[in-house]
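What follows is a single structure, written as structure tokens, with notes after it.
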Amino acid sequence: IEEALAQLMKLFSYLHDKDLFSEIYRDQLAKRLLNRRSVSNEAERSMISKLKMMCGAPFTSKLEGMVNDFAVGDDTKREFTEFLQPLRRQGDVADIDFTVQ
-9 IEEALAQLMK LFSYLHDKDL FSEIYRDQLA KRLLNRRSVS NEAERSMISK
41 LKMMCGAPFT SKLEGMVNDF AVGDDTKREF TEFLQPLRRQ GDVADIDFTV
91 Q
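So for the sequence shown, my numbering puts the first residue at -9; every next one is plus one.
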């Protein structure tokens, strides 16, 4: 994956309208995160860090926020599921799935 990202960054350096790329990348990142189609959070973070090195922190701040917010949401969901486990075993809570579509 790192080799593909390095090649992508080489291609990115030739783009004239990097702001347009940022908008499209942000939209596609949102879709990948919400539909859970990303290869991994580490791959996304690696791409964002490469963009940050090339274009600066303001260019990637929204992207970093999206990935961080998604990770926090996953952690919160996991903690809530762990909290519900004893209650489900006792029969106090119905088996409900909390997901966003």
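Ideal Cβ positions, reconstructed from N, Cα and C, are used throughout, including at glycine.
Of the candidates PHE2, VAL83, ARG26 and GLN75, the residue whose Cα lies closest to the Cα of MET37 is PHE2. Note that the segment 40 to 49 touches the segment -2 to 18; at least 3 beta-carbon pairs, one per stretch, sit closer than 8 Å.
The distance from the Cβ of ARG26 to that of VAL57 is about 13 Å, inconsistent with a contact at the 8 Å cut-off.
DSSP, read as helix, strand or coil, puts ASN58 in helix. Taking a C-beta distance under 7 Å as the contact criterion, SER30 and ARG22 do not qualify as a contact pair. When DSSP states are grouped into helix, strand and coil, GLY81 belongs to the coil group. Put simply, the backbone Cα of PRO48 is about 11 Å away from that of SER12.
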